[in-house]
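Okay, structure first, notes after.
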Amino acid sequence: MPELLTGKTALILGVANRWSIAYAIAQAYRREGAELILTYQGERQQKTVEELGGELGAARVLSCDVSQDEEIAALVRTLEGTTLHSVVHCIAFANKDDLSRPFLETSRAGFALAHDVSAYSLVAVARAAAPLMAGGGSVLTLSYLGAQRVVQNYNVMGVAKAALESSVRYLAADLGPSRIRVNAISAGPIKTASARGIKDFSKVLEGVAATAPLRRQTDPAEVADTAVFLASDLGRGVTGNVIYVDAGFQIMGLSA
Ligand code: NAD
Ligand code: IMJ
Numbered sequence: 000m001p002e003l004l005t006g007k008t009a010l011i012l013g014v015a016n017r018w019s020i021a022y023a024i025a026q027a028y029r030r031e032g033a034e035l036i037l038t039y040q041g042e043r044q045q046k047t048v049e050e051l052g053g054e055l056g057a058a059r060v061l062s063c064d065v066s067q068d069e070e071i072a073a074l075v076r077t078l079e080g081t082t083l084h085s086v087v088h089c090i091a092f093a094n095k096d097d098l099s100r101p102f103l104e105t106s107r108a109g110f111a112l113a114h115d116v117s118a119y120s121l122v123a124v125a126r127a128a129a130p131l132m133a134g135g136g137s138v139l140t141l142s143y144l145g146a147q148r149v150v151q152n153y154n155v156m157g158v159a160k161a162a163l164e165s166s167v168r169y170l171a172a173d174l175g176p177s178r179i180r181v182n183a184i185s186a187g188p189i190k191t192a193s194a195r196g197i198k199d200f201s202k203v204l205e206g207v208a209a210t211a212p213l214r215r216q217t218d219p220a221e222v223a224d225t226a227v228f229l230a231s232d233l234g235r236g237v238t239g240n241v242i243y244v245d246a247g248f249q250i251m252g253l254s255a
């Protein structure tokens, strides 16, 4: 098969380490011939992400905390003159306490933080990047089933993912005339840094593998291959959608 992303440049936000879904996507995009620009959250991650970027042959590795408007503006200024074809947003954050006690206990500040980092940042990044996507392109974000159903402990992150999925639809409507498509992948549970500290996460993984039609967990490489499809010309008719890459778990009701 020919490379699917040759001649395309992708901005990928949210690589923290080798286990990051963003890293799996960066690997797949590189395999398909894309030029990569990676961003990381701050100094604490700089060394790791620069090393990973080196291994991947990334063209640039830049810092961007998406909760800071000036950092998003600075990122876009740094990229002036670059044409982007793909933006991949793999970022979420909520207070750890809000992911264990009842959702009912969520504070105003905790609610705002989760929504700011996990949902609003897609709007801010899409708006800032759109002028660099002059020939059209693809914006992609990562969601989770907790946006649509109640998942134990997911709490305020579920509400923020619901806002993220709705933002995908409104952004798709706004950016469609500029030939920019906006989609989300709703991935099944994957053992990343964002999942590691979660209570009973191993049980979640086991439970999903027992129930999912494909009887296994989700592999980050599968998420990455769907991300390739969406960024490539093969995905040219798809916008405003949430595609489940979850071994089919999402379709199940009662199972024996
Ligand atoms: P991860 O911890 O590797 O990635 C999360 C990233 O968010 C990190 O790189 C972190 O630096 C970044 N981030 C947080 N706050 C930021 C900020 N203010 N500015 C810039 N970056 C910031 O974990 P992951 O599982 O790869 O998560 C990536 C995405 O996938 C998230 O949106 C997550 O909700 C989603 N997702 C994860 C799973 C799973 O089970 N792991 C399932 C479905 C969806
Ligand atoms: C996270 C919490 C509770 C249940 C969960 C998850 N399930 C899954 C996740 C069932 C699959 C992972 N996920 C989909 C996320 O989006 C995680 C987001 C996240 C994780 C942390 C942990 C560390 C921290 N803040 C976080 N913010 C967001 O301090």
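Residues in the sequence shown are numbered from 0 upward in steps of one, following numbering that gives the first Met the number 0. Just so you know, even glycine gets a beta-carbon here, dropped at the ideal spot from N, CA and C. Note that this is a predicted model, so its numbers are computed, not measured.
Item                                                                                                                                                                  : Value
Let me know the secondary structure DSSP gives T238 once reduced to three states.                                                                                     : coil
How is the alpha helix (DSSP H) around N152 delimited, first residue to last?                                                                                         : N152 -> no alpha helix (DSSP H), and no H or E assigned at all.
L35 by DSSP, collapsed to three states: which one?                                                                                                                    : strand
Among the residues of its own chain, which have a CB less than 7 angstroms from the CB of G175, if the five just before and after it don't count?                     : T238
Leaving out the 5 sequence neighbours to the left and right, which residues in its chain are closer than 7 angstroms to R178 when beta-carbon positions are compared? : G135
On a CA-only basis, which of A194, S231, Y143 is nearest A186? Give me that one, please.                                                                              : Y143
Excluding five sequence neighbours on each side, which residues of the same chain lie with their C-beta closer than 6 angstroms to the C-beta of M132?                : L83, I179
Determine the direct distance from the alpha carbon of R215 to that of G247, and round the result to whole angstroms.                                                 : 10 angstroms
For the ligand IMJ, which residues have a Cβ under 6 angstroms from at least one heavy atom, in chain order?                                                          : A91, F92, A93, K95, L98, Y143, V150, N152, Y153, M156, P188, S193, A194, G196, I197, V203
Kindly indicate the opening and closing residues of the beta strand (DSSP E) around A9.                                                                               : 8 to 12
Does DSSP classify A183 as helix, strand or coil?                                                                                                                     : strand
Just curious, the beta strand (DSSP E) that L141 is in, first and last residue?                                                                                       : 136 to 142
Does the distance between the C-beta of T82 and the nearest non-hydrogen atom of the ligand NAD fall short of 7 angstroms?                                            : no
Do V65 and S120 come within 8 angstroms of each other at the CB atom, strictly closer than that value?                                                                : yes
Name the residue from V86, A93, T210 whose alpha carbon lies nearest to the alpha carbon of A259.                                                                     : As shown, the chain starts at 0 and ends at 255. That puts residue 259 outside it, with no answer to give.
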